[in-house]
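Asks:
Numbering (our numbering), first residue to last: 7 to 204.
In C-alpha cells form, the structure reads like this:
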C-alpha cells in the first residue's frame, strides 16, 4: 500500500520537476516571456471561474463513469489505493494543486506547442495508465479523459494556463475526495483485466 508520505512526496516532486521544466522551456518553446504566459489571454478571475466550473462538471461526470458496473473492478482498485491513506482535505488540496500546477505547466506549456492539443491529450492520459488495451472498460474512461484533457488544452490557448491549472486541480480534488469517502464495493463476478493509475 502506498503511504501518505510517499504520495505527498510524489506530489511535491511533480510541482518542482514539471514546474521547473516549465519555467525553463516555456519561454523558448512559446516565444513568450513567463509572466505573459502565466497571465494568459483572459482576466484571471474569468480563468479561475471557468476552470472551477469545468473541472467540477468534468470530475462529476467522470465519477459517474467510474460508478458503472463495467468499471467495478477499476473502482475497487482505486478505492483500495486511496481510501486507506486517509487523506484530509488539506492534503487533498496540496496533492491536487501540485499536480494541477506542475503537470499543466509542462504538458500544456511545453509539450502542447510541439505536439498539438490532441496528441498531448492522448499522451497525458496514456501516461496516467487509462488507455489500456487489456482493459477495455478502463480505456473507455480513458477516452472520456482524453476529451477532458483536450478541452483543457483549448482552455490554455483561448483563456490561459491558469484556467487549465484550475480545472485540473478541481478535477483531482473532487475525484480524490470521492475515492477517500467511497465504500469499498464487493468484488464483481466478471473480471476486468488490468488496472490503470490515477
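We treat Cβ as the ideally placed atom computed from N, Cα and C, and that holds for glycine.
Using C-beta distances below 6 Å, list every residue in its chain close to residue 110, excluding the 5 sequence neighbours before and after it, in chain order.
Replies: The answer, listed in chain order, is 170, 171, 174.
Asks: How long is the line joining the alpha carbons of residue 84 and residue 17, rounded to whole angstroms?
Replies: When rounded, the distance between both Cα atoms is 17 Å.
Asks: Does the region 24–36 come within contact of the region 148–164, defined as at least 3 CB pairs closer than 8 Å?
Replies: With a cut-off of 8 Å, the region 148–164 and the region 24–36 do not count as touching, because too few Cβ pairs lie within range.
Asks: Are the Cβ atoms of residue 50 and residue 166 separated by less than 9 Å?
Replies: Yes.
Asks: Quick one, are the C-beta atoms of residue 143 and residue 74 less than 9 Å apart?
Replies: In contact: residue 143 and residue 74 (Cβ atoms closer than 9 Å).
Asks: Using 9 Å as the threshold, is the C-beta distance between residue 181 and residue 68 below it?
Replies: Yes, they are a contact pair.
Asks: In the structure shown, what three-state DSSP assignment does residue 33 receive?
Replies: Helix.
Asks: State buried or exposed for residue 38, treating a residue as buried only when at least 16 other CB atoms are found within 10 Å of its CB.
Replies: Label assigned to residue 38: exposed.
Asks: Nearest by alpha-carbon distance to residue 164: which of 88, 47, 183 is it?
Replies: The shortest C-alpha separation from residue 164 is found at 47.
Asks: Look at the alpha carbon of residue 178 and the alpha carbon of residue 124, and state the distance between them as a whole number of angstroms.
Replies: Taking the straight line joining both Cα atoms gives about 21 Å.
Asks: Helix, strand or coil for residue 139 per DSSP?
Replies: Residue 139: coil per DSSP, three-state reduction.
Asks: Exposed or buried, residue 54, counting other C-beta atoms within 10 Å across all chains shown (16 or more means buried)?
Replies: Buried: at least 16 other Cβ atoms inside 10 Å.
Asks: Do you know how far the Cα of residue 96 is from the Cα of residue 187?
Replies: Computed Cα separation, rounded: 15 Å.
Asks: Would you decide whether residue 114 is buried or exposed? Buried here means 16 or more other CB atoms lie within 10 Å of its CB.
Replies: With 16 or more other Cβ atoms within 10 Å, it is buried.
Asks: Taking the Cβ atom as the reference point for each residue, do residue 86 and residue 190 lie within a distance shorter than 9 Å?
Replies: Yes.
Asks: Can you give me the start and stop residues for the alpha helix (DSSP H) that residue 9 sits inside?
Replies: Counting along the chain, residue 9 falls outside any alpha helix (DSSP H), and DSSP gives it neither H nor E.
Asks: Given residue 156, which residues of its chain have a CB within under 6 Å of its CB, disregarding the five upstream and five downstream residues?
Replies: Contacts found: 123, 124, 127.
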